[in-house]
Amino acid sequence: MNVLAMPMHRFIDHHGKLVNPLPEWADLMTLKGFYCDMVLTRSYDNKAVALQRTGKLGTYPSHLGSEAIGIAIGRALKKTDVFIPYYRDLPAMWARGIGMEKNLQYWGGDERGSDFSPDGEHCRDLPFCVPIATQCTHAVGVAAALKIQGNHHVALVTCGDGATSKGDFLESLNCAGAWNIPLVFVINNNQWAISVPRSIQCGAELLSDKAKGAGIEGITVDGNDVVAMFDVIAKSLEHARKGKGATLIEAVSYRLSDHTTADDASRYRSEDELQQAWEFEPIKRLKSFLIEQGAWSEQDDINWQVHCKEVIEKVVDNYLGITPQAPESAFDFLYEQLSEDLLNQRDLIINKAMRMQGGDHG
Amino acid sequence: MAEVTLLDAINMALHYEMAHDQSVIVLGEDVGDNGGVFRATVGLKEKYGCKRVIDSPLAEALIGGVTVGMATQGLRPVAEFQFQGFVFPAIEHLVCHAARMRNRTRGRLTCPAVFRAPFGGGIHAPEHHSESVEALFAHIPGISVVIPSSPQRAYGLLLAAIRSNDPIMFFEPKRIYRTVKSTVIDNGEALPLNTCFTLRKGRDLTLVTWGACVVESLQAAQALSELGIEAEVIDLATIKPIDMASIIKSLEKTGRLLVVHEACKTCGVGAEIIARISEQAMCLLKAPPRRVTGTDTIMPYYKNEDYFMIQEDDIVDAAKLLVEGWK
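Chains as they are written, first to last, in UniProt numbering: chain A, 1 to 362; chain B, 1 to 327.
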């Protein structure tokens, strides 16, 4: 059976048909908002890949196909909760209110992309994590801190299916169960860890089965169904908020892109499989459902696409217009206070930059 | 005032800071009811409860990562690794995350954490329990490395480490945990983390050392004195950043440098000190600098351990060669 079609927590199937009654919160206005968010973040993704191809962005990991997971996370978390993302989480971060310029800055090689403080509300979120699964242990620390501080906030951490093979992931699950902390794990099971398919990643039938050994609840959800994703995440967050402990959510999706712009998935993945996966992707099914309900139209879609393009162009203009970081900024946040030796090294870089720029250093 | 051990001083510092700062959390394997494998955390759980003194699962990578996560949320975690040789599973968290958090987020998040670990040989411990790898961590941008060698300095430096807003590797010389005693004034006074300490004045050579080797170095200095050679003994204490100004000031007087450390010779901190002297103060030297270090071997099991530990004679011989061989 196609893994994307297997029975799991789901409300809207890949034809856009209801397979379970919608939950009470899922009114059409809310779902339309989800849809618009997903389209916007996909537009961003397309643009980011194009920017990389034209040399205006560094290596970039597309989130194509995981928009439902991200938007559900971003919408379900409270501002006061703490999000611990991995590197493919632009939709969730954007839905939490972090500007897309920050994402372009990050992948464009500017550390300020991980400084979310200007908007002030969620400055405790951790930055993207590039090493695999290490963020899961940080999330345990964050959740433990939230519990110690007694503020009823929840931590949510994401990872890919490849990360579930790492010790850090398993140690984190284990500890989350032992400590009964307010933490939600979300695996974006997009079937590929670069070139290694899910089928040889591990022998468990479901990645959510790993929760059992840790003594926490594990749920497998259709990661292409934003309704199911939001519903399960919201319930898991509430579960944690009430002091009932952690949950592991396996969101079954498909990486419709290459691993990153430096990868070529055609070397290891068949075109047939990819085309089949496109039949299950998250945006098409929600659009079909909304049109069927009379809440959306093809003209609405065209209008929204035009709007998205305008928004993204503005984001890109802002990104390209940002004043570069000073060359010596690598020193400025290394320690709270710099030693004399580091101050001397900093001066060397300033002088070198002036020489290389052929003029005064601004 | 009664004399206490270096281990007692660690415990006193933890008690003091936990009493005065609610954000200080102690975590690690066995740190709760057991009080740590060396008993450095004795009494903390009884006094501050299981929310602030946390027994972790037996998973060092987890301890490293959890500490990073806690530190980003306004806590000041003090993590205990049972031995320095067991820090290795957590290195990814120290290098890739603790060291980089402030820089990565432009100061939005910081990592005010202390990673404690007993280190060094000489107690006839099993394999993997005798490492001295301070240079490994001193090499990492974003981390500071601190090694106390007396009860008062252990107390003051640990307080400073906990109060630091940056991650600190705090390595405790377990060989002298219980053998070195002195009085400690438990007044919450921290010591600076950018300064070395001159333990003995001298005119003929500057002997820079740290950790348990301070004991043999002071013994050697006494023996040398009886031979008419006066060694100035400096306890480096903060391995990174290195207080080169104090070392150079001493060299202005003595003109001779001897570095003594238990860690392996190649790429050790001694090499760094000598390289910096070569760059910054070569003209002060009356003789080529020398090192007395551990060998570039895996520490043998304890039947042969003593041959590999630095003895007083090793230091005396090197000092004599440095002074008398280059008159």
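Beta carbons: idealized from backbone N, C-alpha and C, even for Gly.
Values in this document were obtained by computation on a predicted structure and should not be read as measured data.
Would you please verify whether the beta carbon of H20/B is less than 8 Å from any beta carbon of chain A? For the purposes of this step, residue 20/B is taken as the residue at position 20 of the second sequence. It does not: the Cβ of H20/B has no partner Cβ on chain A nearer than 8 Å.
Enumerate in chain order the residues of its own chain whose CB-to-CB distance from R124/A is below 7 Å, with the five nearest sequence positions on each side excluded. Position 124 of the first sequence, counting from 1, holds the residue named residue 124/A. So the qualifying residues of the chain are V82.
Which residues in chain B sit within 7 Å of E336/A, going by Cβ to Cβ distance? On the first sequence, position 336 is the one that residue 336/A refers to. Chain B residues near E336/A: N165 and D166.
Can you confirm whether E92/B, when its beta carbon is compared against all beta carbons of chain A, has any partner nearer than 8 Å? Sequence index remark: in the second sequence, residue 92/B carries index 92 (1-based). It does: the Cβ of E92/B has a partner Cβ on chain A nearer than 8 Å.
Using the three-state DSSP reduction, which class does T164/A fall into: helix, strand or coil? Against the first sequence, residue 164/A aligns to sequence position 164. Correct three-state label for T164/A: helix.
By the three-class DSSP mapping on this structure, what secondary structure does R291/B have? As a position in the second sequence, residue 291/B is number 291, starting the count at 1. DSSP places R291/B in strand when its eight states are reduced to three.
Under the DSSP definition of a beta bridge, which residues are partnered with R76/B? Within the second sequence, numbered from 1, the residue matching residue 76/B stands at position 76. Paired residue(s): V24/B.
Pull up the CB-CB distance for A251/A and N188/A, whole angstroms please, since I reckon it's below 8 Å. What you label residue 251/A is simply residue 251 of the first sequence in a count that begins at 1. What you label residue 188/A is simply residue 188 of the first sequence in a count that begins at 1. About 6 Å; that satisfies the 8 Å criterion.
Below 8 Å, can you find three or more Cβ-Cβ pairs linking the segment 139 to 149 of chain A to the segment 100 to 115 of chain A? no
As assigned by DSSP and simplified to three states, the class of L58/B: Taking the second sequence and counting its residues from 1, the one referred to as residue 58/B is at position 58. L58/B falls in the coil class under three-state DSSP.
If you run the structure through DSSP and keep just helix, strand and coil, what is G33/A? Looking up residue 33/A in the first sequence gives position 33. G33/A falls in the helix class under three-state DSSP.
Tell me where the alpha helix (DSSP H) around C308/A begins and ends. As a first step, residue 308/A is located in the first sequence; it is residue number 308 there, counting from the start. Its alpha helix (DSSP H) spans residues E298 to L320.
Spatial neighbours of N190/A within its chain, please: C-beta separation below 7 Å, excluding the five flanking residues on both sides. For this step, residue 190/A is matched to residue 190 along the first sequence. So the list reads G65, S66, G160, D161, S253, Y254 and R255, once near-sequence residues are dropped.
Could you list which residues in chain B have their beta carbon closer than 9 Å to that of A214/A, in chain order? Here residue 214/A corresponds to residue number 214 of the first sequence, with the count starting at 1. Those do not exist, as A214/A stays about 10 Å from chain B at its closest Cβ, beyond 9 Å.
Reduced DSSP category for D89/A - H, G, I as helix; E, B as strand; rest coil: Indexing the first sequence from 1 puts residue 89/A at position 89. Coil.
Per-residue contacts from A48/A into chain B (C-beta, under 8 Å): Your numbering for residue 48/A matches position 48 in the first sequence. Those within 8 Å of A48/A in chain B number zero; the least Cβ separation is about 20 Å.
Count the CB pairs spanning the segment 81 to 97 of chain B and the segment 113 to 131 of chain B that are closer than 8 Å, and state whether there are at least three. yes
Length-filtered (3 minimum) beta strand (DSSP E) runs lying within the segment 264 to 320 of chain B: 290 to 294
What residue range does the alpha helix (DSSP H) around G74/A cover? For the purposes of this step, residue 74/A is taken as residue 74 along the first sequence, with counting starting at 1. Residues E67 to A76.
So K47/B contacts chain A; which residues on that side make the cut at Cβ distance below 7 Å? As a first step, residue 47/B is located in the second sequence; it is residue number 47 there, counting from the start. Those within 7 Å of K47/B in chain A number zero; the least Cβ separation is about 16 Å.
DSSP state of K79/A mapped onto helix, strand, coil: In the first sequence, counting from the first residue as 1, residue 79/A sits at position 79. DSSP places K79/A in coil when its eight states are reduced to three.
Terminal residues of the beta strand (DSSP E) in which S144/B lies: The residue given as residue 144/B occupies position 144 in the second sequence. Unbroken beta strand (DSSP E) run through S144/B: S144 to V146.
If you follow the beta strand (DSSP E) that A117/B is part of, which residue opens it and which one closes it? Within the second sequence, residue 117/B is the residue found at index 117, counting from 1. From DSSP, the beta strand (DSSP E) with A117/B extends over V114 to F119.
For a quick check, are the C-beta atoms of I162/B and V78/B less than 8 Å apart? In the second sequence, counting from the first residue as 1, residue 162/B sits at position 162. In the second sequence, counting from the first residue as 1, residue 78/B sits at position 78. Contact: yes.
Specify, as a first and last residue, the run of the alpha helix (DSSP H) that V232/A falls within. For the purposes of this step, residue 232/A is taken as residue 232 along the first sequence, with counting starting at 1. It spans V226 to R241 - the alpha helix (DSSP H) in which V232/A sits, taken as one unbroken run.
Distance check for A9/B and V315/A, CA to CA, integer angstroms please. As a working note, residue 315/A is residue 315 in the first sequence. As a working note, residue 9/B is residue 9 in the second sequence. For V315/A and A9/B, the distance between alpha carbons rounds to 56 Å.
What are the residues that DSSP puts in a beta bridge with K181/B? Residue 181/B sits at position 181 when you count from the first residue of the second sequence. BP columns for K181/B point to T5/B.
Answer yes or no: do L286/A and F34/A have a C-beta to C-beta separation smaller than 8 Å? As a working note, residue 286/A is residue 286 in the first sequence. As a working note, residue 34/A is residue 34 in the first sequence. In contact: L286/A and F34/A (Cβ atoms closer than 8 Å).
Restricting to runs no shorter than 3 residues, where is the beta strand (DSSP E) found entirely within the segment 63 to 111 of chain B? 76 to 80
Answer yes or no: does any C-beta atom of chain A fall closer than 8 Å to that of M282/B? Locating residue 282/B in the second sequence gives position 282, where the first residue counts as 1. So no, M282/B is outside the interface.
Straight-line gap, C264/B to G49/B (C-alpha atoms, nearest Å): Translated into positions along the second sequence, residue 264/B becomes position 264. Translated into positions along the second sequence, residue 49/B becomes position 49. Cα-Cα distance, rounded: 41 Å.
Kindly say whether P192/B, judged by its beta-carbon, lies nearer than 8 Å to any beta-carbon of chain A. Position 192 of the second sequence holds residue 192/B. Chain A contact via Cβ: absent.
Do L207/B and G255/B have their C-beta atoms within less than 8 Å of each other? The count along the second sequence starts at 1 and reaches residue 207/B at position 207. The count along the second sequence starts at 1 and reaches residue 255/B at position 255. No. Outside cutoff.
Give the C-beta separation of A92/A and P282/A to the nearest angstrom, bearing in mind that I take them to be a contact with Cβ-Cβ under 8 Å. Walking along the first sequence from the start, residue 92/A turns up at place 92. Walking along the first sequence from the start, residue 282/A turns up at place 282. A92/A to P282/A, Cβ: 14 Å. No contact.
When burial is assigned at 16 or more other CB atoms within 10 Å of the CB, is Q299/A buried or exposed? For the purposes of this step, residue 299/A is identified with residue 299 of the first sequence, where counting begins at 1. Exposed, by the Cβ-count rule.
Flag H14/A as yes if its beta-carbon sits less than 8 Å from any beta-carbon of chain B, otherwise no. Reading the first sequence from its first residue, position 14 is the one you call residue 14/A. No, H14/A does not count as interfacial toward chain B.
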